[in-house]
Amino acid sequence: MILDGRQDSSIAQAARVLAAGGLVAFPTETVYGLGADAGSDAAVAGIFAAKGRPSDHPLIVHVPDAAAASRFAASIPPVAQRLMDAFWPGPLTLILPRRPETGRAAAGGQDTIGLRCPAHPVAHALLLAAAGATPPVFGVAGPSANRFGRVSPTTAAHVAGEFGPELLVLDGGPTSVGIESAIVDCSRAVPVLLRPGTLTRAQIEAACGERVWLPEERAEAGPRASGTLASHYAPHARVRLMDARALQTALDVLGADAVAIAVYARSPLRTRTPHYRRMPDDAAETARQLFAVLREFDAAGVKLIWVETPPDAPEWDGVRDRLGRASAV
Ligand code: TXA
Ligand code: MG
């Protein structure tokens, strides 16, 4: 069931479902999340079951403000505090040491917890209402509201299409960021960027006031993150990345047979396929539409999606990462 997330009555109903241990899908500025009370391991088990996600893969816990982070985090290291000050509410998740008494299932059993304060007004209203519900829900565990390994949803219709009419989905319109939050692990000796998002490494480093490492630069890279599995965010069709010239050559070779192939490219190409979408020149705009475009191609029933490799500039890191994973087999 899709409810208008701008209505107070929808928020109140969703908060009641969360307080009762149920599941609610909700919009954030990045992608839609599948939420449950992070303080209840039984409620969180419902997320793993619905998604078909292995229960040792940790989830992100959404909180209404930075103060609420301390309900789940055992401590807030200075570097994490600086990142919260700079980017919360916003598309940044912090991995922090977990309070041992709470969030065990949400953390997938790890002694750390992923926390994020989303900037979307519907998410914010839901988190506030949930905190005021009986019993109170101080954090909402919420992975992306898609089945395990699939493309994250950026509209309420994407979520409803994947989980059916029983699930309560708060509609907050299409998401504005479009790819998942950047994740910085602040639980170790140095900050590590576990997953790129739309904030660039340079922006994150500027706020930290120190170097932020990539997992491959550190031996003690940290626990497995499902969003960091090589093959993830995959549509049903096979995705292949090519530069513009290789793409044009491949299309020329196929000729009329190219009609069965979807193409997503920045460069103007000659092709007969009706499934041809131009990739915007702007990285943020591309991130916003990327998952919807992949879902559109899937819905059209194509077996192959050929994508022009995005530029090698830092603002494209998030898009390049998601496309790389979508094309991994
Ligand atoms: O933008 C987002 O982050 C969206 C919206 C809904 O907030 N959420 C999202 O959640 O992408 P999910 O579960 O699909 O991805 C969460 C990522 C996973 O790769 C997970 O392994 C990692 O965060 N993660 C969560 N807690 C962690 C922890 N304690 N240690 C390491 N990685 C963690
Ligand atoms: Mg996900």
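Using full-length UniProt numbering, the first residue of the sequence shown is number 1, and each one after it goes up by one. Even for Gly, the Cβ is constructed at its ideal location relative to N, Cα and C. This structure is a prediction, so every number in the text was calculated from the model and none was measured.
Range of the contiguous alpha helix (DSSP H) that encloses residue 37: Locating residue 37 in the sequence shown gives position 37, counting from the first residue. Note, residue 37: premise wrong, no alpha helix (DSSP H); beta strand (DSSP E) at 33–37.
Environment of residue 194 [buried if 16+ CB atoms lie within 10 Å]: Mapped onto the sequence shown, residue 194 falls at position 194. Counting other Cβ atoms within 10 Å of its Cβ, residue 194 reaches 16 or more and is therefore classed as buried.
Closer than 7 Å: residue 144 CB and nearest ligand 1 heavy atom: Locating residue 144 in the sequence shown gives position 144, counting from the first residue. Checking the Cβ of residue 144 against ligand 1 gives yes.
Cα-Cα separation between residue 224 and residue 173, rounded to whole angstroms: As a working note, residue 224 is residue 224 in the sequence shown. As a working note, residue 173 is residue 173 in the sequence shown. Confidence at residue 224 is low in this model, with a pLDDT of 49, below 50, so the placement of that residue should be treated as unreliable; the coordinate-derived value is given next. Taking the CA atoms as reference points, residue 224 sits about 32 Å from residue 173.
Other residues of its chain near residue 267: CB distance less than 7 Å, five sequence neighbours each side excluded: Taking the first residue of the sequence shown as 1, we reach residue 267 at position 267. The beta carbon of residue 267 sits closer than 7 Å to those of 244 and 308, all from its chain and outside the five residues before and after it, given in chain order.
Helix, strand or coil at residue 166 [DSSP, three-state]: By 1-based counting over the sequence shown, the position of residue 166 is 166. Residue state, collapsed to three classes: coil.
Nearest to residue 269 (by Cα), restricted to the options 282, 242 and 295: Taking the first residue of the sequence shown as position 1, residue 269 is located at position 269. Of the candidates 282, 242 and 295, the residue whose Cα lies closest to the Cα of residue 269 is 242.
Close Cβ partners of residue 258 (< 8 Å) along its chain, the five nearest in sequence each way excluded: Here residue 258 corresponds to residue number 258 of the sequence shown, with the count starting at 1. Hits under 8 Å: 251, 271, 272 and 273.
Nearest to residue 151 (by Cα), restricted to the options 246, 290, 9 and 7: Residue numbering aside, residue 151 sits at position 151 when the sequence shown is read from its first letter. That would be 290, whose Cα lies nearest to the Cα of residue 151.
Spatial distance of residue 77 from residue 211 (CA atoms): The count along the sequence shown starts at 1 and reaches residue 77 at position 77. The count along the sequence shown starts at 1 and reaches residue 211 at position 211. So the alpha carbons of these two residues sit roughly 15 Å apart.
Under the three-state DSSP convention, the category residue 83 falls into: Within the sequence shown, numbered from 1, the residue matching residue 83 stands at position 83. Residue 83: helix per DSSP, three-state reduction.
Contiguous alpha helix (DSSP H) assignments of at least 4 residues, all confined to the stretch 47–98: Runs of the alpha helix (DSSP H) lying entirely within the stretch 47–98, each at least 4 residues long, are 66–69 and 78–87 in chain order.
Residue 106 and residue 186 closer than 8 Å at C-beta: Residue 106 sits at position 106 when you count from the first residue of the sequence shown. Residue 186 sits at position 186 when you count from the first residue of the sequence shown. Taking the C-beta atoms as reference points, residue 186 is found no nearer than 8 Å to residue 106.
Counterpart residues of residue 240 in DSSP-defined beta bridges: Here residue 240 is taken as the residue at index 240 of the sequence shown, counted from 1. Checking the DSSP bridge columns, you'll see residue 240 partnered with 306.
Contact set for residue 205: own chain, Cβ-Cβ below 7 Å, skip 5 residues either direction: The count along the sequence shown starts at 1 and reaches residue 205 at position 205. Hits under 7 Å: 211 and 212.
Residue 34 classed as buried or exposed, judged by whether at least 16 other C-beta atoms fall within 10 angstroms: For this step, residue 34 is matched to residue 34 along the sequence shown. Classification for residue 34: buried.
Sequence-distant residues of the same chain with beta carbon closer than 6 Å to residue 93, five excluded per side: For the purposes of this step, residue 93 is identified with residue 93 of the sequence shown, where counting begins at 1. Taken in chain order, the residues that qualify are 60, 114, 116, 181 and 183.
Through-space distance from residue 32 to residue 297, alpha-carbon basis: Here the question's residue 297 lines up with position 297 in the sequence shown. Here the question's residue 32 lines up with position 32 in the sequence shown. Rounded to the nearest angstrom, the two C-alpha atoms are 20 Å apart.
DSSP bridge partner residues for residue 213 (one or two, in chain order): For the purposes of this step, residue 213 is identified with residue 213 of the sequence shown, where counting begins at 1. Looking at the DSSP output, residue 213 sits in a beta bridge with 192.
Residue 216 burial status per 10 Å Cβ neighbour count (16 or more: buried): Here residue 216 refers to the residue found at position 216 when the sequence shown is read from its first residue. Exposed.
Minimum C-alpha distance to residue 306 - residue among 144, 161, 324 and 136: What you label residue 306 is simply residue 306 of the sequence shown in a count that begins at 1. The shortest Cα separation from residue 306 among 144, 161, 324 and 136 belongs to 324.
Candidates 275, 255 and 254, of which the one nearest residue 264 by Cα: Numbered from 1 along the sequence shown, position 264 holds the residue referred to as residue 264. Cα-wise, what sits closest to residue 264 is 275.
Inter-residue spacing [alpha-carbon to alpha-carbon] between residue 160 and residue 27: Locating residue 160 in the sequence shown gives position 160, where the first residue counts as 1. Locating residue 27 in the sequence shown gives position 27, where the first residue counts as 1. Using only the alpha carbons, I get a separation of about 12 Å.
8 Å Cβ cutoff met for residue 62 and residue 127: For the purposes of this step, residue 62 is identified with residue 62 of the sequence shown, where counting begins at 1. For the purposes of this step, residue 127 is identified with residue 127 of the sequence shown, where counting begins at 1. Going by C-beta atoms, residue 62 is nearer than 8 Å to residue 127.
Cβ-heavy atom distance, residue 161 to ligand 1, below 7 Å: Within the sequence shown, the letter at position 161 stands for residue 161. Not under cutoff, so the answer is no.
C-alpha gap between residue 146 and residue 45, whole angstroms: Residue mapping note: residue 146 aligns to position 146 of the sequence shown, counting from 1. Residue mapping note: residue 45 aligns to position 45 of the sequence shown, counting from 1. Their backbone Cα atoms lie some 16 Å apart in a straight line.
heavy atom of ligand 1 below 7 Å from residue 109 C-beta: Stepping through the sequence shown from its first residue, residue 109 is reached at position 109. No, the Cβ of residue 109 stays beyond 7 Å of every heavy atom of ligand 1.
Per-residue burial, residue 253 [other beta carbons within 10 Å of its own, 16 or more giving buried]: To locate residue 253, count along the sequence shown from 1; it is residue 253. Its Cβ having fewer than 16 others within 10 Å, residue 253 is exposed.
Cβ-based neighbour list, residue 36, same chain, cut-off 6 Å, excluding 5 preceding and 5 following: Locating residue 36 in the sequence shown gives position 36, counting from the first residue. These residues qualify, in order along the chain: 23, 43, 44, 46, 47 and 141.
Neighbourhood of residue 41 by C-beta distance below 7 Å, restricted to the same chain and skipping five residues each side: Counting from one through the sequence shown, the residue named residue 41 turns up at place 41. If we look at residue 41 and ignore the five residues flanking it on each side, its Cβ neighbours are 104 and 105.
Pick from 316, 304, 312 and 261 that is closest to residue 286, judged by C-alpha positions: Taking the first residue of the sequence shown as position 1, residue 286 is located at position 286. Closest by alpha carbon: 316.
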